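Note that the UniProt record's numbering has the sequence shown beginning at 1, numbered continuously upward. Heads up, the thing below is written out as structure tokens.
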Amino acid sequence: MSPKPLFLPWTGIFICIGYFLAWLLLWPTEQPYWMLPYGLRFGALLLSPMRMWPWLLGAEFAATGLIAVAEGLPLGWVGFVAGELPEPIVVAICLSLMRRAQLHVSMRDPEDVSRLLLSAAFTVAATTVVDAALLSMIHLMPSSDLLMRALGQDLLGNYVGTLLVVPLLIMLFRAHINHRALANLTMDGLLVMLPALAILLLLSSHPSPQPQFARILSLAPVLFFAFRHGWRGASLAMLISNLGMTLVDHFVGRPASDATAQLFLAVAGTGALMLGAATDALRRSSERVAEQNVYLAAVNRRLDQLARQLRDAARGNLQAEENQRRHMAAELHDELGQNLTAIHTHLKLAQSRLAQAGMEDIGTSISTILGHMRRALHRLLDDLRPAVLDEFGLLRALDEGPIRDLLTTAGMIYHTELHGDPRLLDEDTRTAIYRLVQESATNAVKHAQASTFQLRLRIGERQSGALALLDIRDDGVGLPTRMPRGGRGLQGMRDRVTSLGGLFRLRPESQGVHLRILLRSSNANGFTPRL
């Protein structure tokens with residue numbers, strides 16, 4: 001739990017002196033529909049801790065007393081106390097209630113601005129009701145016109161004062177502006193606000209209706225600064241433009257602005273602050289989205305790097321597996337194959353002796369067993385490393401090799417459409433294509449109960465390398481609704497394709513199985529076909 005900040009008496013004294021001087025400076029600007037001191041009081045009590053409120057209210061009472069003494073105390077001390085004391089107390093009571101209702105002193109979002117302005121409107125309405133009650137007590141039978149005019153002046157003037165002063169105080173003491181934003185705001189003030197203010201002041205110095213036009217045109221720079229600099233720019237532009245036109249009215253001797261002009265200021269200022277807060281919220285949201293996009297881009301790059309590493313590792317595993325298969329096939333061919341050949345040779349040499357001994361049937365039986373062993377060995381060697389792929393090449397191995405023999409033996413019709421030059425592909429991709437077709441044909445023979453097996457292979461060249469599109473289908477019973485345990489055929493094919501950075505798609509069909517596989521090759525062998 002963070003400790004409470006230390007509050008020293010001399011700090012409160014300096015704050016009260018500053019508040020006292022600010023009240024004296026703003027008091028000459030008070031007009032029927034322009035109550036900047038009320039905005040100063042509302043903002044000071046809103047931003048300061050409640051333990052400082054007696055200091056601030058005391059400083060305000062001293063400043064108003066000094067002003068009343070300078071004006072000769074027209075209502076006397078009793079009238080002065082009765083007229084000046086209730087309003088600050090009502091403002092303090094309203095703000096204390098709103099603080100209990102968790103009022104946040106912030107203008108970051110349109111919701112915060114709306115809560116703050118509603119709180120200001122509620123406080124202004126409460127003080128207006130109190131002023132109306134005091135007016136009824138002072139004037140026993142006040143006219144309805146006098147009462148309505150006084151209520152309108154208090155209600156509109158106090159709200160306008162709050163609207164102009166409170167955002168400035170929040171910007172100075174709570175929401176500090178950074179140096180870059182301050183520099184941009186100053187530059188726009190010189191390039192936009194000064195010319196606009198000069199035009200507005202020129203119109204205000206002419207007779208009617210130019211001053212009314214100037215009031216309406218004053219909204220243009222306010223909206224510009226709201227879009228450009230958020231609620232800070234809107235509040236500063238609104239304050240500067242209205243102070244400038246008020247000074248012109250004072251120097252040219254024109255009466256103060258009427259209720260219509262100040263009502264326009266109240267409505268336009270409220271909308272400008274809401275617009276500025278919405279602009280700030282949108283800008284922060286855009287910055288967060290941009291930061292999130294940068295983060296996601298970095299994550300995606302990391303994921304791509306990991307995916308490449310996984311593909312490289314899987315490709316290395318496939319190469320190691322193929323090398324191991326090649327080694328095992330060579331060992332089996334050299335050792336077991338030669339031994340079977342030697343046994344078969346010795347059996348032929350001993351065939352006459354067995355016949356003389358009456359054991360010719362034993363020789364025939366051994367020869368049959370050797371034949372089965374040789375065929376089994378050939379199938380095993382073909383599964384480990386298809387020699388036909390090295391001897392005939394990819395296209396001929398697919399069209400005429402053991403795959404056709406397997407399907408023909410099973411009574412299936414084998415259709416092939418092979419296009420392109422396999423030399424565009426690297427060895428891993430060629431081996432993968434053969435393995436994928438071999439696994440599909442084996443699955444079709446074992447499980448599909450199909451009568452036809454179709455293979456389409458297209459090999460082409462793109463800017464990023466060579467592409468191989470493999471289309472495999474049969475007209476069998478299709479896949480079961482629940483895959484059997486231990487079945488690794490389709491998953492092994494999918495893993496093989498993924499390790500090579502390809503795409504594997506099992507397309508739904510009403511009958512049979514349909515596979516579409518796309519493989520990319522980097523053309524590592526450096527072959528360039530002739531045109």
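Glycine included, C-beta positions come from ideal geometry on N, C-alpha and C. These numbers were taken from a predicted model, which means no experiment stands behind them.
(message) Using DSSP's beta-bridge definition, name the partner residues of Q521.
(response) For the purposes of this step, residue 521 is taken as the residue at position 521 of the sequence shown. Looking at the sequence provided, one finds Ser at residue 521 rather than Gln. S521 pairs with A466.
(request) Drop a sphere of 10 angstroms on the beta-carbon of E87, count the other beta-carbons inside from all chains shown, and report buried for 16 or more, exposed for fewer. (result) By one-based count along the sequence shown, residue 87 stands at place 87. Taking all protein chains shown into account, E87 has 16 or more neighbouring C-beta atoms within 10 Å of its C-beta and is therefore buried.
(message) Can you determine whether any heavy atom of the ligand MG sits closer than 7 Å to the C-beta of H419, and answer yes or no?
(response) In terms of ligand content, the structure shown is empty, and the ligand MG therefore cannot be addressed.
(message) Give me the residue from N178, L135, A181, A125 with the minimum Cα distance to Y159.
(response) As a first step, residue 159 must be located in the sequence shown, where it is residue number 159. For Y159, the nearest C-alpha among the options comes from A125.
(request) Tell me where the alpha helix (DSSP H) around L490 begins and ends. (result) As a first step, residue 490 must be located in the sequence shown, where it is residue number 490. Per DSSP, the unbroken alpha helix (DSSP H) holding L490 starts and ends at 489-499.
(message) My output table needs one value for I433: the three-state DSSP class, helix, strand or coil.
(response) Translated into positions along the sequence shown, residue 433 becomes position 433. Taken through DSSP and simplified to helix, strand or coil, I433 comes out as helix.
(message) Could you compute how far the alpha carbon of I216 sits from the alpha carbon of W27?
(response) Here residue 216 refers to the residue found at position 216 of the sequence shown. Here residue 27 refers to the residue found at position 27 of the sequence shown. In a straight line, the C-alpha of I216 is about 26 Å away from that of W27.
(message) Restricting to Cα atoms, I'd like to know which of L500, D280, M412 is closest to G476.
(response) Sequence index remark: in the sequence shown, residue 476 carries index 476 (1-based). Relative to the Cα of G476, the nearest Cα in the group L500, D280, M412 belongs to M412.
(message) Can you look up L455 in the DSSP assignment and give me helix, strand or coil?
(response) By one-based count along the sequence shown, residue 455 stands at place 455. Assignment of L455 by DSSP, reduced to helix, strand and coil, places it in the strand class.
(request) Please confirm if the stretch 363-382 is in contact with the stretch 334-353, defined as three or more CB-CB distances below 8 Å between the two stretches. (result) Contact between the stretch 363-382 and the stretch 334-353 is present, because at least three Cβ pairs lie under 8 Å.
(request) Just mark A70 as buried or exposed, buried being the case when its beta carbon has 16 or more other beta carbons within 10 Å. (result) As a working note, residue 70 is residue 70 in the sequence shown. So A70 counts as exposed.
(request) Sort V267, A259, M493, R435 by Cα distance to Q153 and report the nearest one. (result) Counting from one through the sequence shown, the residue named residue 153 turns up at place 153. Nearest C-alpha to Q153: A259.
(message) For H514 and N300, what's the separation of their Cα atoms in angstroms?
(response) Taking the sequence shown and counting its residues from 1, one reaches residue 514 at position 514. Taking the sequence shown and counting its residues from 1, one reaches residue 300 at position 300. Taking the straight line from one Cα to the other gives about 32 Å.
(message) Does E461 come out as helix, strand or coil in the three-state DSSP assignment?
(response) Here residue 461 corresponds to residue number 461 of the sequence shown, with the count starting at 1. Strand at E461.
(message) Please classify P207 as buried or exposed, where buried requires at least 16 neighbouring CB atoms within 10 angstroms.
(response) Position 207 of the sequence shown, counted from the first residue, corresponds to residue 207. Under this definition P207 is an exposed residue.
(request) Measure the Cβ-Cβ separation of W53 and A92 and say whether it is below 8 Å. (result) Translated into the one-based positions of the sequence shown, residue 53 becomes position 53. Translated into the one-based positions of the sequence shown, residue 92 becomes position 92. Yes, the pair counts as a contact, with Cβ atoms nearer than the cut-off.
(request) Quick one: which unbroken alpha helix (DSSP H) runs of 4-plus residues sit fully inside the stretch 181-246? Chain order, please. (result) List check, alpha helix (DSSP H) in window: 194-204, 210-217.
(request) Assign D312 to one of two classes, buried (16 or more other C-beta atoms within 10 Å of its C-beta) or exposed (fewer than that). (result) Here residue 312 refers to the residue found at position 312 when the sequence shown is read from its first residue. Flag for D312 reads exposed.
(message) Output needed for T528: all residues of its chain with C-beta closer than 8 Å, excluding positions within five of it in sequence on either side, in chain order.
(response) The count along the sequence shown starts at 1 and reaches residue 528 at position 528. Interpretation of T528 is limited by its pLDDT of 43, a score under 50 that renders its predicted location unreliable; the figure taken from the coordinates is listed afterwards. Taken in chain order, the list of residues that qualify is empty.
(request) May I ask you to report which of helix, strand or coil DSSP gives L296? (result) Start at 1 with the first residue of the sequence shown, and residue 296 comes out as number 296. Assignment of L296 by DSSP, reduced to helix, strand and coil, places it in the helix class.
(message) Tell me the DSSP secondary structure of E417 in three-state form.
(response) By 1-based counting over the sequence shown, the position of residue 417 is 417. In this structure, E417 counts as strand in the three-state DSSP scheme.
(request) In angstroms with no decimal places, state the Cα-to-Cα distance between S204 and S218. (result) Taking the first residue of the sequence shown as 1, we reach residue 204 at position 204. Taking the first residue of the sequence shown as 1, we reach residue 218 at position 218. In a straight line, the C-alpha of S204 is about 11 Å away from that of S218.
(request) Taking A62 as the reference, give the member of L45, G72, E84, G79 with the closest Cα. (result) Counting from one through the sequence shown, the residue named residue 62 turns up at place 62. Ranking L45, G72, E84, G79 by CA distance to the CA of A62 puts E84 first.
(message) Considering Cα atoms alone, identify which of L236, R325, T452, L135 is closest to G273.
(response) Along the sequence shown, read from residue 1 onward, the residue named residue 273 stands at position 273. Per the sequence shown, the amino acid found at residue 273 is Leu instead of Gly. It is L236 whose Cα lies nearest to the Cα of L273.
(message) Under DSSP, the beta strand (DSSP E) around L503 begins and ends at which residues?
(response) Within the sequence shown, numbered from 1, the residue matching residue 503 stands at position 503. Per DSSP, the unbroken beta strand (DSSP E) holding L503 starts and ends at 503-507.
(request) Tell me R516's beta-bridge partners as DSSP assigns them. (result) Start at 1 with the first residue of the sequence shown, and residue 516 comes out as number 516. According to DSSP, which records beta bridges pairwise, R516 is partnered with D471, R505.
(message) Using 8 Å as the threshold, is the C-beta distance between A466 and L425 below it?
(response) Locating residue 466 in the sequence shown gives position 466, counting from the first residue. Locating residue 425 in the sequence shown gives position 425, counting from the first residue. At a Cβ-Cβ threshold of 8 Å, A466 and L425 count as neighbours.
(message) Please state the DSSP three-state secondary structure of Q262.
(response) To locate residue 262, count along the sequence shown from 1; it is residue 262. Note: Q262 maps to helix in three-state DSSP.
(message) Rounding to the nearest angstrom, what Cα-Cα distance links E509 and G478 in this structure?
(response) Residue mapping note: residue 509 aligns to position 509 of the sequence shown, counting from 1. Residue mapping note: residue 478 aligns to position 478 of the sequence shown, counting from 1. Annotation: E509 to G478 spans about 8 Å, alpha carbon to alpha carbon.
(message) Buried or exposed for E287, going by 16 or more other Cβ atoms inside 10 Å?
(response) Residue numbering aside, residue 287 sits at position 287 when the sequence shown is read from its first letter. By the Cβ-count criterion, E287 is exposed, with fewer than 16 other Cβ atoms from all chains shown falling within 10 Å of its own Cβ.
(request) Can you give me the Cβ contacts of L503 inside the same chain, cut-off strictly under 6 Å, excluding the 5 residues immediately before and after it? (result) The sequence position of residue 503 within the sequence shown is 503, counting from 1. Same-chain partners within the cutoff: L518.
(message) Using a 10 Å radius around the Cβ and a threshold of 16 neighbouring Cβ atoms, would you call T11 buried or exposed?
(response) As a first step, residue 11 must be located in the sequence shown, where it is residue number 11. The residue in question, T11, is exposed, as its Cβ has fewer than 16 Cβ neighbours within 10 Å.
(request) With Q338 as the anchor, note down where its alpha helix (DSSP H) starts and where it stops. (result) In the sequence shown, counting from the first residue as 1, residue 338 sits at position 338. Where Q338 is concerned, the enclosing alpha helix (DSSP H) stretches over 338-349.
(request) Could you tell me whether the Cβ atoms of P167 and M107 are closer together than 8 Å? (result) Residue 167 sits at position 167 when you count from the first residue of the sequence shown. Residue 107 sits at position 107 when you count from the first residue of the sequence shown. Taking 8 Å as the Cβ cut-off, P167 and M107 qualify as a contacting pair.
(request) Pull up the distance between the alpha-carbon of T442 and that of D304, whole angstroms please. (result) Here residue 442 is taken as the residue at index 442 of the sequence shown, counted from 1. Here residue 304 is taken as the residue at index 304 of the sequence shown, counted from 1. One C-alpha to the other measures close to 34 Å.
(request) Using beta-carbon positions only, say whether V448 and G501 come within less than 8 Å of one another. (result) One-based indexing of the sequence shown puts residue 448 at position 448. One-based indexing of the sequence shown puts residue 501 at position 501. This sequence places Ala at residue 448; Val is not what is there. Cβ atoms of A448 and G501: not closer than 8 Å.
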